[in-house]
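Below is one structure, written out as structure tokens, with a few remarks after it.
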């Protein structure tokens, strides 16, 4: 089972008593997170070196221990109860239909020496990630789809042959792998589908 963070980080805030907390927006709701809980949420995005491979609670627990976070398991439970973390299988139609992708950064193009890789990042600051064609397609068009499931439907229609349609569920694992890569590189985030 893979972990997927839900929500968009909106910054560090200070309340009237001078206490600081991190905020993550999920849909229209803003959640206030303590520093260690926020740390667990950040770790749930995965790491760039993990590529498109599944990222699990065990990965987060190990990364949390390495980072010096305490009670990571409790933080993961809290995040799940707030709807900021989902445990997903590739066949989890409920997750795919209830959530959407939104992107960050801008496309910076490809280079003559790496024509199959597409850079995304910020002009003047450089690339955040180099995306292969399927990742780039999801990054480029995923935020236009109302749900992740719709992105699976589009991918299925692209890979199907005229006489052999492909079930969108058959490409869900590939789409989630691409999404995992985008999340780990900070190029996209997952939000609830009804938040538009």
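Numbering (my numbering), first residue to last: 176 to 371.
The beta carbon of each residue, even a glycine, is placed where N, CA and C say it ideally should be.
Leaving out five residues on either side along the sequence, give the residues of the same chain with a beta carbon under 7 Å from the beta carbon of residue i.
i           : result
residue 207 : 196 and 198
residue 328 : 343
residue 189 : 195
residue 362 : 278, 279, 280, 295, 303, 304 and 314
residue 259 : 180, 181, 182, 199, 201, 206 and 216
residue 212 : 250, 253 and 254
residue 360 : 223, 303 and 304
residue 245 : 211
residue 383 : Residue 383 is absent from the model: the chain starts at 176 and stops at 371.
Taking the Cβ atom as the reference point for each residue, do residue i and residue j lie within a distance shorter than 8 Å?
i           : j           : result
residue 182 : residue 366 : yes
residue 214 : residue 242 : yes
residue 227 : residue 353 : yes
residue 271 : residue 323 : yes
residue 310 : residue 351 : no
residue 321 : residue 355 : no
Considering just the uninterrupted stretch of the beta strand (DSSP E) at residue i, what are its terminal residues?
i           : result
residue 194 : Counting along the chain, residue 194 falls outside any beta strand (DSSP E), and DSSP gives it neither H nor E.
residue 315 : First-last for residue 315: 308-316, but that is the alpha helix (DSSP H), not the beta strand (DSSP E).
residue 220 : Counting along the chain, residue 220 falls outside any beta strand (DSSP E), and DSSP gives it neither H nor E.
residue 177 : 177-180
residue 287 : No beta strand (DSSP E) contains residue 287, which DSSP labels as neither H nor E.
residue 186 : 183-189
residue 263 : 260-263
Looking at residue i and the ligand SAH, is the gap between the Cβ and the nearest heavy atom below 7 Å?
i           : result
residue 301 : The ligand content of the structure shown is nil, which means the ligand SAH is not present either.
Grab the span of the alpha helix (DSSP H) containing residue i for me, first residue to last.
i           : result
residue 333 : 323-334
residue 256 : 247-256
residue 350 : 347-359
residue 320 : Here residue 320 belongs to no alpha helix (DSSP H), and DSSP marks it neither H nor E.
residue 236 : 232-242
Going by DSSP, name the residue or residues bridged to residue i.
i           : result
residue 365 : 276
residue 341 : Residue 341 is not bridged to any residue.
residue 305 : 294
Quick check: what's the CA-CA separation for residue i versus residue j?
i           : j           : result
residue 340 : residue 218 : 37 Å
residue 235 : residue 287 : 37 Å
Enumerate in chain order the residues of its own chain whose CB-to-CB distance from residue i is below 8 Å, with the five nearest sequence positions on each side excluded.
i           : result
residue 264 : 176 and 177
residue 298 : 281 and 283
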